[in-house]
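Read through the structure below, which is laid out as structure tokens, and then see the notes.
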Amino acid sequence: MSSKLRAGIVGGTGMVGQRFIALLENHPWFQVTAIAASAKSAGKTYEESVSGRWKLSTPMPEAVKSIMVQDASKVEEVAADVDLIFCAVDMKKEEIKALEEAYARTGTPVISNNSAHRWTPDVPMVIPEINPEHLKVIAQQRKRLGTETGFIAVKPNCSIQSYMPTMHALHDFKPSKVVVTTYQAISGAGKTFADWPEMIDNVIPFIGGEEEKSEQEPLRIWGSVTDNGIVKSEQPVITTQCIRVPVADGHMAAVFASFEQKPSKEEILERWSSFKGRPQELGLPSAPKQFITYFEEDNRPQTRLDRDIENGMGISAGRLREDSLYDYKFVSLSHNTVRGAAGGAVLIAELLKAEGYIQPK
Ligand SMILES: NC(=O)c1ccc[n+]([C@@H]2O[C@H](COP(=O)([O-])OP(=O)(O)OC[C@H]3O[C@@H](n4cnc5c(N)ncnc54)[C@H](OP(=O)(O)O)[C@@H]3O)[C@@H](O)[C@H]2O)c1
Numbered sequence: 045m046s047s048k049l050r051a052g053i054v055g056g057t058g059m060v061g062q063r064f065i066a067l068l069e070n071h072p073w074f075q076v077t078a079i080a081a082s083a084k085s086a087g088k089t090y091e092e093s094v095s096g097r098w099k100l101s102t103p104m105p106e107a108v109k110s111i112m113v114q115d116a117s118k119v120e121e122v123a124a125d126v127d128l129i130f131c132a133v134d135m136k137k138e139e140i141k142a143l144e145e146a147y148a149r150t151g152t153p154v155i156s157n158n159s160a161h162r163w164t165p166d167v168p169m170v171i172p173e174i175n176p177e178h179l180k181v182i183a184q185q186r187k188r189l190g191t192e193t194g195f196i197a198v199k200p201n202c203s204i205q206s207y208m209p210t211m212h213a214l215h216d217f218k219p220s221k222v223v224v225t226t227y228q229a230i231s232g233a234g235k236t237f238a239d240w241p242e243m244i245d246n247v248i249p250f251i252g253g254e255e256e257k258s259e260q261e262p263l264r265i266w267g268s269v270t271d272n273g274i275v276k277s278e279q280p281v282i283t284t285q286c287i288r289v290p291v292a293d294g295h296m297a298a299v300f301a302s303f304e305q306k307p308s309k310e311e312i313l314e315r316w317s318s319f320k321g322r323p324q325e326l327g328l329p330s331a332p333k334q335f336i337t338y339f340e341e342d343n344r345p346q347t348r349l350d351r352d353i354e355n356g357m358g359i360s361a362g363r364l365r366e367d368s369l370y371d372y373k374f375v376s377l378s379h380n381t382v383r384g385a386a387g388g389a390v391l392i393a394e395l396l397k398a399e400g401y402i403q404p405k
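Heads up, the sequence shown is in the working numbering, so the first residue is 45 and it goes up one at a time.
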């Protein structure tokens, strides 16, 4: 019998769900044993259910093709045979909140891509290299939900992975003002060019709700754990514009930043190249060996060339220079559906397992 933990993917037929399926193929710790989606997909094999809508360039893993898709609303049934759940459903926020809590109350850890619980005070929202200490708040959540083993942990919005890691590595210099423009791929809207031909040869200067998330979520990740959950940080002030660009995958950010203690350019480059977080210390399976890679070339990083760095889990940066209005400006890039979605969630699950929060049932 496999000694791997049994993972269920709720929303496994969607775009992020498919990424989970692909990333967990041959994962050393987790094995996909259950897939759930809406009632209209339930009762068919995964292969039948996703026929004609498999969106990845890699083929569907053989091991999941014959799994029978379950109805995600049958929580007890889905939870009965899994040790943890990854959740990526597209439903109304209140419905997602209730669904994820119902799964957690069955004693099942839920690692979610959805935004529904990102501001629930006792739910940790984690980038494992940045705020692993926020997992402590799970004890408060378990008390509220009345479970000893279940809980919800969430990952932040895909846009912020493109600039938070590079800013976090400079946190000791106390960033005070940060201006970010993001250039976001169409997969962030769950789309390909075939689904969204209007994006060919086009730029759309609006992504609903994205700027609020991009400005506020970093403050929660930089926040502190208190007896009343996570309290967000007041600093730095962040303002953003989020732009949809004709790119398949990869979110790039152009960043301007000022600091209370302005670092030298050499200090910034040194902090980026040496930055290591808990995933690197623990040697987690999906952790990038080099979290931030700096390119000296003026025309890098480029979305198509560099989004897959460290299997899509690394962050790349470039064009660091002094600015006339702010202290510095630079660009940085992350893969939105790997580091920014399913890969980021798998890394959270690995951290949770390594820290003892997920056990076989
Ligand atoms: N795309 C990204 O890059 C990205 C990044 C970060 C976060 N997210 C978030 O991740 C979530 C999923 O995004 P996506 O792009 O993968 O969406 P998607 O391709 O539209 O997939 C949605 C999934 O939700 C399921 N679903 C819809 N209604 C349901 C219901 N009533 N009950 C149970 N399952 C239901 C769908 O099942 P059926 O196939 O049966 O309809 C499908 O599996 C969203 O909350 C999104 O905001 C997306």
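Backbone N, C-alpha and C define an ideal beta-carbon position, used for all residues, glycine too. Note that the structure is a prediction, hence the values are computed from the model and not measured.
- Annotation: the continuous beta strand (DSSP E) that includes Glu366 extends over Ile359 to Glu366.
- Here the C-alpha atom of Lys218 lies approximately 48 Å from the C-alpha atom of Gln114.
- Of all C-beta pairs linking the stretch 84 to 101 to the stretch 150 to 162, fewer than three are shorter than 8 Å, placing the two stretches out of contact.
- According to DSSP, Tyr90 shares a beta bridge with no other residue.
- Three or more Cβ pairs closer than 8 Å define a contact, and the stretch 226 to 243 falls short of that threshold against the stretch 307 to 319.
- Under the three-state reduction of DSSP output, His295 falls in the strand class.
- For Val60, the closest of Cys131, Trp73, Ala83 and His71 by C-alpha to C-alpha distance is Cys131.
- Partner residues in a beta bridge of Pro262, as assigned by DSSP, do not exist.
- The beta-carbon separation of Leu68 and Val390, rounded to 7 Å, stays under the 8 Å limit for a contact.
- Bridge partners of Gly273 according to DSSP: Thr270.
- For the pair of segments examined, the stretch 316 to 330 was found not to touch the stretch 251 to 271: the number of CB pairs separated by less than 8 Å stays below three.
- Taking the Cα positions, Val181 is about 16 Å away from Ser277.
- A distance of 8 Å or more separates the beta carbons of Val289 and Tyr207.
- Selection Phe303, Lys333, Asn175 and Glu120 evaluated against Tyr372 yields Phe303 as nearest (Cα-Cα).
- Gly52 sits in a strand when the DSSP states are folded into three classes.
- DSSP, read as helix, strand or coil, puts Met169 in strand.
- Taking the Cα of Tyr147 as reference, the smallest distance to any Cα among Glu106, Glu177, Gly190 and Glu173 is reached at Gly190.
- The count of Cβ pairs closer than 8 Å, one atom from the stretch 52 to 59 and one from the stretch 72 to 82, reaches three, so the stretches are in contact.
- In the DSSP secondary-structure assignment, Ser378 is bridged to His295.
- Remark: C-beta atoms of Gly58 and Ile65 do not approach each other more closely than 8 Å.
- C-alpha of Tyr227 to C-alpha of Asp350: approximately 14 Å in a straight line.
- Within the DSSP bridge table, the entry for Pro329 names no partner.
- Using a cutoff of 7 Å, the CB of Asp127 does not count as near ligand 1, since none of the ligand's heavy atoms is closer than that.
- About 7 Å separates the beta carbons of Gly388 and Ile171, which is inside the 8 Å limit, making them a contact pair.
- Take the alpha-carbon of Leu128 and the one of Pro72: they are about 15 Å apart.
- Remark: the shortest separation between the CB of Met135 and any heavy atom of ligand 1 falls under 7 Å.
- Counted as a single uninterrupted DSSP element, the beta strand (DSSP E) harbouring Ser220 occupies residues Pro219 to Gln228.
- Only residues of its own chain outside the window of five on either side were considered, and among them Ala229, Ser231, Arg351, His379, Asn380 and Thr381 have a CB closer than 7 Å to the CB of Asp293, listed in chain order.
- The alpha-carbon of Thr284 is positioned some 20 Å away from that of Ala385.
- Inclusion of Ala116 and Leu396 in the CB contact set at 8 Å is not warranted, their separation being larger than that value.
- Under DSSP, Cys131 takes part in a beta bridge, and its partners are Val54 and Ser156.
- Relative to Asp166, the option among Val223, Pro249, Gly273 and Ala393 whose CA is nearest is Gly273.
- Not a single heavy atom of ligand 1 lies less than 7 Å from the C-beta of Ser101.
- Taking the Cβ atoms as the reference, Gly356 lies roughly 17 Å from Phe339, outside the contact range of under 8 Å.
- Per the DSSP secondary-structure output, Met112 pairs in a beta bridge with Thr89.
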